[in-house]
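So the structure is just underneath, and the comments pick up after that.
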Amino acid sequence: MHSEKRLPGLSTQILIGLILGAAFGYFFPEIGKQLRPVGDGFIRMIKMIIVPLIFSTLIMGIAGTGDFKKLGRLGGKAIIWFELATTVALAIGLIVINFTQPGVGVNIAVSADAGAKAAEAAHKSISMIDYVLHIIPTNIVDAFARSDMLQIIFFACFFGVGVAHIGKDGEKIVSLCRSVAEAMFKVTGYVMNLAPIGVFAMIAYTVSSFGIAMLIPLGKLILSVLLATVLFIIVLVTAASLITRLNFFHVLKALKETLLLSFSTASSEAALPIAMQRLEQLGVPKNIVTFVMPTGYSFNLDGSTLYSSATILFIAQIYGIPLSLGQQLLIMLTLMLSTKGIAGVPGAGFIVVAATATAFNLPAEGVAIILGIDRILDMIRTTCNVCGNCVATVLVAFWENDLTKETFEKSYVENFQFKASPKLHS
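Residue numbering for the sequence shown is -17 to 408, as defined by my numbering.
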């Protein structure tokens, strides 16, 4: 074999790990059962990353936007729409998984410690007031030590707003958080390089303990997430069309190659330059495009939040842990905040799911089982992220009276109707 031959990409290696792990667990069940510590070691490394990564990126996302006065009316409108869209995405993800129930019937046994915590969390009768009070930390150092994500997120939001309002000194803190985040992204990369081994071990253990039938729910999860994503895009585009009286299905047609690129590469960054140029060709002013699109990449991860809510519920289902309506609403709130500021980071969605699973006392090893199909889920959620941000950009331009119905329709007819997509300008 020539040295020039490159190794397959990480997602391919993870898929190979999944297939080999399933085969190994099936043919060598006794050895497969002994591989759990390897998988557990990988999960512990993921947990090690969670607190500094989420905290630093939240500070960047909130304080790094600069002075809130400077964001002004444009930023306010964009962020209101982002939050509405994110909430709808989370709700659709939860509703679809509650309806399709891809993980029900598997009932993997959890470890005694995790089982006790999950059962306590699931069956303890706590009022919504107690939940809300629990989110407010009395000691942030203690919250960090216990990896209590709800309390950490609460503190980070207040801290980020405070940092944004202290001027020059705040820039030093944002710069420090940016450096911490970049370092943690590097660490995430190192840990994700071990993912094929971690997935191999976890799947080998799972199949040897629970049989090959464990792979069927993963296929159901992919179909459920795809269904939820298609439903969300239809709801989003229809709502935007009704609000503005613009035909947002024309926006989708204009963006078809952009969405295909984001789906095939599973990279929002790869699709961003083309998406921005296509929006300008639809008549959206450049200043709106250059502000809303990058902001959306931090604040408007519709696909990632939908994926996160779906996979959290799936993990609860495969372990037979019921989640009350109150707990599911709290999961929605947690994900709305924890997905901010980590767009485009490899493995970020996976880390957010691991963090949220930990916060709600769900077995974190369930996340490793999902990692084997994460590439397919990543393609779906990335396409949804790009689509959601493009819709938001057109909508904000219309709200600002920088895009009229006449301009939009004229630009669409000139550049996209009955023609090949216009060439990209350099």
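Here a beta-carbon is modelled for each residue, glycine too, at the ideal position from N, C-alpha and C. If you're wondering where the values come from, they're calculated on a predicted model, not measured in any experiment.
Sequence-distant partners of VAL169 (beyond 5 residues in either direction) whose C-beta falls short of 7 Å from its own C-beta, in its chain, are ILE31.
ARG128 and ARG26 have their C-alpha atoms roughly 14 Å apart. By the Cβ criterion, the segment 74 to 83 is in contact with the segment 284 to 297, since at least three pairs of Cβ atoms, one from each stretch, lie closer than 8 Å. Counting along the chain, TYR394 sits inside the alpha helix (DSSP H) bounded by residues 387 to 397. Annotated as proximal: PHE137 and ILE122, with beta-carbon spacing under 7 Å. DSSP places LEU307 inside the alpha helix (DSSP H), whose first and last residues are 307 to 320.
At the C-beta level, MET166 and LEU35 come within 7 Å of one another. Excluding the 5 residues flanking it on each side, LYS202 has same chain C-beta neighbours closer than 6 Å at PRO84, in chain order.
Runs of the alpha helix (DSSP H) lying entirely within the segment 124 to 202, each at least 4 residues long, are 131 to 146, 150 to 175 and 177 to 192 in chain order. For GLN299, the enclosing alpha helix (DSSP H) starts and ends at 284 to 300. Three or more Cβ pairs drawn from the segment 365 to 384 and the segment 225 to 245 lie within less than 8 Å of each other, which places the two stretches in contact. Excluding residues up to 5 positions away in sequence, PHE126, SER129 and ILE134 lie with their Cβ nearer than 7 Å to the Cβ of VAL33 in the same chain.
The straight-line gap separating the alpha-carbon atoms of PHE9 and GLU164 is approximately 42 Å. According to the DSSP assignment, PHE230 belongs to the alpha helix (DSSP H) that extends over 230 to 236.
Secondary structure of ASP384 (DSSP, three-state): coil. For the pair PHE281 and SER191, the Cα-to-Cα distance works out to about 41 Å. Comparing C-alpha distances from ALA339 to each of LEU359, PHE296 and GLY354 shows the shortest one belongs to PHE296. Rounded to the nearest angstrom, the gap between the Cα atoms of VAL173 and PHE24 is 8 Å. Bounds of the alpha helix (DSSP H) holding LEU353 are 347 to 353. In this structure, VAL266 is the residue among VAL266, ALA5, LEU228 and SER161 with its C-alpha nearest to the C-alpha of LEU385.
Straight through space, the alpha carbons of VAL212 and SER206 are spaced by roughly 10 Å.
LEU115 counts as exposed, since fewer than 16 other C-beta atoms from the protein chains shown sit within 10 angstroms of its C-beta. In terms of Cα proximity to GLU396, the closest of ARG260, VAL143 and ALA5 is ARG260. In this structure ASP124 is exposed. Its beta-carbon is surrounded by fewer than 16 other beta-carbon atoms within 10 angstroms. Per the C-alpha coordinates, the member of ILE28, ARG227 and ILE185 positioned closest to ILE352 is ILE185.
Rounded to whole angstroms, the gap between the alpha carbons of GLY144 and LEU315 is 21 Å. Taken atom to atom, the span from the alpha-carbon of PHE230 to that of VAL373 is near 7 Å. LEU305 and LEU344 have their C-alpha atoms roughly 10 Å apart. Just measuring C-alpha positions, the residue of ALA336, VAL271, ALA236 and MET361 sitting nearest GLN399 is ALA236. For ILE13, the uninterrupted alpha helix (DSSP H) segment begins and ends at 11 to 15. Counting only residues of its own chain and dropping the five nearest sequence neighbours on each side, ASN383 has no CB closer than 6 Å to any other CB.
One alpha carbon belongs to THR120, the other to SER223, and they sit about 46 Å apart.
Less than 7 Å divides the Cβ of VAL349 from the Cβ of ALA336. Taking C-beta atoms as the reference points, SER393 and LEU234 fail to come closer than 7 Å. At a Cβ-Cβ threshold of 7 Å, MET42 and CYS139 do not count as neighbours.
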